[in-house]
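Residue numbers for the sequence shown follow my numbering, beginning at 16 and rising by one. Glycine residues also receive a C-beta, built at the ideal position from the N, C-alpha and C atoms. No experiment lies behind these values; they were computed from the predicted model shown. All remarks here apply to the structure that follows.
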Amino acid sequence: MASMPGSHPVMLASAPPPPRQSKKWVSRTWLFVINALLAISSAFAIYVGAVAIKYAKLANAKATSSGSSSFEVNIRDSAISFIVCGVFLLVTSIAGCTGGIVRNNWLLSFYVGALVIDFVLVVGYGSYSIYAMNKRGNAWRNLSLDTWTAAANVDKDLAQWAFNCCGYSGYQDNAYTGSPLIQGETVN
16 MASMPGSHPV MLASAPPPPR QSKKWVSRTW LFVINALLAI SSAFAIYVGA
66 VAIKYAKLAN AKATSSGSSS FEVNIRDSAI SFIVCGVFLL VTSIAGCTGG
116 IVRNNWLLSF YVGALVIDFV LVVGYGSYSI YAMNKRGNAW RNLSLDTWTA
166 AANVDKDLAQ WAFNCCGYSG YQDNAYTGSP LIQGETVN
């Protein structure tokens with residue numbers, strides 16, 4: 016094709032180059048898989064919490080029928096925390112799965128923020144649990160003989176089972192030797 020002076024030659028349009036395949040599908044797939052596993056583990060945590068509440072109610076009913084007024088079941092607090100953390104993690108993992116699949120930046124931002132909040136909740140409750148466990152252990156260690164003698168048999172049995180010991184400071188110090196009121200394996 017001849018070109019005229021001052022004009023540009025006409026170029027035939029060619030097909031655009033094929034688009035490069037994005038490797039983002041790999042990261043989206045892994046985000047989905049990891050969050051699916053997180054959702055399964057959070058559902059398991061909710062289940063464990065529900066089962067623990069069931070057994071806490073049974074233990075509380077047994078303690079009440081035994082005539083113990085000071086028996087408190089601390090399992091319920093831990094079970095509720097398992098359920099709460101499980102629900103937060105389940106919502107977080109669903110947001111992560113959905114945000115990764117549909118490439119929604121708002122959901123992914125929510126996911127990252129929720130992960131930070133979940134981490135703070137878990138670390139905070141873990142720290143509180145260690146503090147409460149030490150406080151309860153100190154209360155048992157600082158127990159006087161009069162308080163031990165006045166305690167209900169189910170409380171004595173619980174303490175002897177939990178600490179794998181006997182009586183206030185040995186077998187001769189008012190140990191509970193009746194039939195086991197607390198069922199469980201002893202630690203050897």
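Give me the Cβ distance between Val106 and Ala129, rounded to the nearest whole Å; I'm assuming they're in contact under 8 Å.
The residue you call residue 106 lines up with position 91 of the sequence shown. The residue you call residue 129 lines up with position 114 of the sequence shown. Indeed, because the Cβ distance is near 7 Å, the residues count as touching under 8 Å.
C-beta contact flag for Ser42 and Ser108 at 8 Å:
Within the sequence shown, the letter at position 27 stands for residue 42. Within the sequence shown, the letter at position 93 stands for residue 108. Cβ distance not < 8 Å, so Ser42 and Ser108 don't count as in contact.
What residue range does the alpha helix (DSSP H) around Ala110 cover?
Position 95 of the sequence shown holds residue 110. Where Ala110 is concerned, the enclosing alpha helix (DSSP H) stretches over 90-117.
Would you mind giving the Cβ-Cβ distance between Ala110 and Ala67, rounded to the nearest angstrom? I have them listed as a contact below 8 Å.
Here residue 110 corresponds to residue number 95 of the sequence shown, with the count starting at 1. Here residue 67 corresponds to residue number 52 of the sequence shown, with the count starting at 1. Rounded, the Cβ-Cβ distance is 27 Å, inconsistent with contact.
I need the DSSP call for Lys69, collapsed to helix, strand or coil.
Within the sequence shown, the letter at position 54 stands for residue 69. Helix, per DSSP.
Ends of the alpha helix (DSSP H) at Leu158?
For the purposes of this step, residue 158 is taken as the residue at position 143 of the sequence shown. Looking at the DSSP string, Leu158 is not in any alpha helix (DSSP H), and its letter there is neither H nor E.
So, do the stretch 139-151 and the stretch 117-127 have three or more beta carbon pairs nearer to each other than 8 Å?
no
Could you check whether Ser96 and Tyr140 sit closer than 8 Å to each other, using their CB atoms as the reference points?
Along the sequence shown, one-based indexing puts residue 140 at 125. Along the sequence shown, one-based indexing puts residue 96 at 81. Contact flag set, yes.
Is it buried or exposed, Asp161, if we count other Cβ atoms within 10 angstroms and call 16 or more buried?
To locate residue 161, count along the sequence shown from 1; it is residue 146. Under this definition Asp161 is an exposed residue.
Do Gly115 and Phe47 have their beta-carbon atoms positioned less than 8 Å apart in this structure?
Position 32 of the sequence shown, counted from the start, is the residue given in the question as residue 47. Position 100 of the sequence shown, counted from the start, is the residue given in the question as residue 115. Contact flag set, yes.
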